[in-house]
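Undergrad: Residue numbers for the sequence shown follow my numbering, so the first one is 1 and each next one is one higher. For glycine and all other residues, C-beta sits at the position ideal for the given N, C-alpha and C. Structure incoming, see below.
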Amino acid sequence: LVIILVACYIVRGHPGPYPFEVTFTQSVQSLNLPSWLIGTLKLSASLIDPVNAAIALILLLAFMLTFGWYRQAAFFILTVSIGNAIDALLGDYVARPRPSTVYHIRVEGIYHNNSFPSGHCAHTMLFYGSLLYLSFSEPVRKWRYRWLLLPLQIFAVFNMLTIGFERVYVGEHWFFDTVAGTLDGFLWLTAGIFLYNWIPELLQNRRAKRQQSQAISA
């Protein structure tokens, strides 16, 4: 958390790209990547655009509620929503402009929202990270059709590993934007996982103490 806050303060004071970031973007964009790989990266990134992400969030939430996974649904929606909200607040504070062609790079989309930290990177960590964690925990782990989740687990890991590269390749973010977005998302994902496991344990201990006190009083 301290690293992210310090980075936000530094970038706020120097909103322009650092020479390394410009060089890095130019190097990434000069790579001769196969068209199928570029298409895959762009498609994966488009799935977490605001509208698509909201639709996916609602559908997955409905899926969890249908199976009675209320605790898991609460963890998923709160972790993703709160994490994204904090990321947006940090972006408003830093107010770093998006990459521009003035730096002799390719910019495939014109965006006016903040560049640091990368919202796509943060959301990818929160969204896919939450789902990946739930897929390896109960009750999903004991679900009879859990083997159907393997392709989705692989897809989640692929997105988490490649979203930063894709953001730089299409000229939508600078290098430090993607690093900060990834770390920011990972931080709030970790916090969400901690609370997901700690709160039930806390409530259980309090319930046990209350029952013990009642037994002694009786």
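Could you have a look at Arg167 and say whether DSSP puts it in helix, strand or coil?
TA: helix
Undergrad: So, under 8 Å CB-CB, Ala95 and Arg12 are touching, yes? Tell me the CB distance rounded to an integer number of Å.
TA: Confirmed, about 7 Å.
Undergrad: Could you check where the alpha helix (DSSP H) with Ala73 kicks off and where it finishes?
TA: Per DSSP, the unbroken alpha helix (DSSP H) holding Ala73 starts and ends at 70-94.
Undergrad: With a threshold of 16 other CB atoms inside 10 Å of the CB of Ile163, please say whether the residue is buried or exposed.
TA: buried
Undergrad: What does a CB cutoff of less than 8 Å around Asp92 pick up in its chain, not counting 5 residues either side in sequence?
TA: Asn114
Undergrad: Is DSSP giving Trp143 helix, strand or coil here?
TA: coil
Undergrad: Along the chain, where does the alpha helix (DSSP H) containing His120 start, and where does it finish?
TA: 119-135
Undergrad: Which residues bound the alpha helix (DSSP H) around Glu21?
TA: 19-29
Undergrad: Is Glu172 helix, strand or coil when you go by DSSP?
TA: coil
Undergrad: Would you grab the beta carbon distance between Asn159 and Ser27 for me? Rounded to a whole angstrom, and I think it's under 8 Å.
TA: Going by Cβ atoms, the distance from Asn159 to Ser27 rounds to 23 Å, so no, they are not a contact pair.
Undergrad: Does Val6 come out as helix, strand or coil in the three-state DSSP assignment?
TA: helix
Undergrad: What would DSSP say about Tyr103, mapped onto helix, strand or coil?
TA: helix
Undergrad: How close, in whole Å, do the beta carbons of Asp49 and Ser118 come, if the pair is a contact with beta carbons under 8 Å?
TA: About 13 Å; that fails the 8 Å criterion.
Undergrad: Could you spell out where the alpha helix (DSSP H) holding Ile38 opens and where it closes?
TA: That run of the alpha helix (DSSP H) goes 35-46.
Undergrad: If distances are taken between C-alpha atoms only, which option among Tyr196, Thr124, Ile58 comes closest to Phe155?
TA: Thr124
Undergrad: Rounded to whole angstroms, what is the Cα-Cα separation between Leu89 and Ser213?
TA: Leu89 and Ser213: Cα-Cα distance of roughly 45 Å.
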